[in-house]
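Novice: One structure is given below, represented as structure tokens, and several questions about it will come after.
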Ligand SMILES: O=C(O)CCC(=O)C(=O)O
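In my numbering, the protein residues as written are 49 to 404.
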């Protein structure tokens, strides 16, 4: 399938003013290329990370299949030393000839993905500082891209076995995904596709698998998820290599594949999650203070859903057919229409302000 390519732009063409107009306000994906991201660009690889922080005890996603799925939980969380996780990822490194590099050993027959946690795992948001001096100073976003400190949410080190695919999901903060080593393919879906990817109200992850499948592989089960065709028609595609930083706007759904590297390598990237500077002034009461992953929905939505579950659903579920389905459909379409009307009114308001 051919997807709309994510635009690419060299970092040196961006200014801090441009950041507001081209990135924060536009809220569309953009790959910023040739970014100076600090000493990690030359020092980080499997060997270096093992040396610097290999003894750290970490929790890793371990799966028997390459496509990790958060809704069906086809993986386990396993505690291990970072050095062991890295060895296991590197052992499975896909080779450029397409052959598996694992030779069937027990450790390398599995697919691993590591997402760093905070100083106190499961209590704090992730931060490179949790690794201490060993690596915290090695990575930085280029000056032109650095969000104001007051907006920063987390910085997340990510390592994975080449070939691993991560389920489609959205994040509530904006996100700069910086590729340090290896390459990565990302499919992104505009926020309007949330329903076409079958995301339930309480989730931020999609149950649809196979979105990244290549020709000849089992793809999406369209009998089960027919609306996923429309999501794929609307998808954007970007390929990242070392030094590229992808801007993933809040609520854009994305699914990621770590791409083939030379045998023995692994994919290394860092996320910088931040709340949009456009939202931050009105932030009180919006964000869930206990959210450490950046995937908890805004508080007003969560409150609205509680009311829907406790008051609206029982009323409609009690109706006989064909009235029940009719009124569910009528309610859904009036909610969508209300969303569109509000957005149109807001964008007309800001156009008028702009022309004044
Ligand atoms: O690159 C990865 O490993 C995952 C990226 C991702 O899903 C994210 O940045 O939210």
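Where is the CB? At the ideal position from N, CA and C, for every residue including glycine.
Owing to the predicted nature of the structure, the values given are computational and were not obtained by experimental measurement.
1) Which runs of the alpha helix (DSSP H) at least 4 residues long sit entirely within the stretch 56-118? Give them in chain order.
2) My guess is that residue 451 and residue 213 are in contact by the Cβ rule of under 8 Å, so how many angstroms apart are they, rounded?
3) In chain order, what residues of the same chain lie with their CB nearer than 6 Å to the CB of residue 291, ignoring the 5 residues before and after it?
4) Are the beta-carbon atoms belonging to residue 315 and residue 203 less than 9 Å from one another?
5) Does the beta-carbon of residue 304, which I'm using as the reference point, lie nearer than 8 Å to any heavy atom of ligand 1?
6) Go ahead and label residue 180 buried or exposed: buried means 16 or more other beta carbons lie within 10 angstroms of its beta carbon, across all protein chains shown.
7) Is residue 127 near residue 101, with beta carbons less than 9 Å apart?
8) Between which two residues does the beta strand (DSSP E) harbouring residue 216 extend?
9) Tell me the residue span of the beta strand (DSSP E) that contains residue 208.
10) Which same chain residues, not among the five before or five after residue 217, have their C-beta less than 6 Å away from its C-beta?
11) Count the C-beta pairs between the stretch 229-244 and the stretch 274-282 that are closer than 8 Å, then say yes if the count reaches three, no if not.
12) Relative to ligand 1, is the shortest distance from any of its heavy atoms to the C-beta of residue 109 smaller than 8 Å?
13) Would you say residue 236 touches ligand 1, meaning its beta carbon is less than 8 Å from a heavy atom?
14) Can the beta-carbon of residue 97 be found closer than 9 Å to that of residue 134?
15) Can you give, in chain order, each stretch of the beta strand (DSSP E) that sits fully within the stretch 302-346 and has at least 3 residues?
16) Taking C-beta to C-beta, are residue 189 and residue 85 nearer than 9 Å?
17) Using only the heavy atoms of ligand 2, determine whether one of them is closer than 8 Å to the beta carbon of residue 211.
18) Give me, in chain order, the residues of the same chain whose beta-carbon lies closer than 7 Å to that of residue 328; leave out the 5 immediate sequence neighbours on both sides.
19) I'd like the span of the beta strand (DSSP E) that includes residue 287, first residue to last.
20) Any heavy atom of ligand 1 closer than 8 Å to the beta-carbon of residue 115?
21) Should residue 371 go down as buried or exposed, given a rule of 16 or more other Cβ atoms within 10 Å for buried?
22) Give the straight-line distance between the Cα atoms of residue 335 and residue 250, rounded to the nearest whole angstrom.
23) How long is the line joining the alpha carbons of residue 234 and residue 378, rounded to whole angstroms?
24) Do you know how far the Cα of residue 298 is from the Cα of residue 74?
25) Quick check: residue 219 and residue 321, are their CB atoms within less than 9 Å of each other?
26) Which one of 382, 373, 340 has the shortest CA to CA distance from residue 169?
Specialist: Working from what's here:
1) 88-91, 94-101
2) This structure does not reach residue 451, given that the chain is present from 49 up to 404, and the question cannot be answered.
3) 82, 83
4) no
5) yes
6) exposed
7) no
8) 213-217
9) 200-208
10) 252, 253
11) yes
12) no
13) no
14) yes
15) 315-322
16) yes
17) By its list of ligands, the structure shown excludes ligand 2, since it contains just ligand 1.
18) 198, 199
19) 284-288
20) no
21) exposed
22) 15 Å
23) 35 Å
24) 12 Å
25) yes
26) 340
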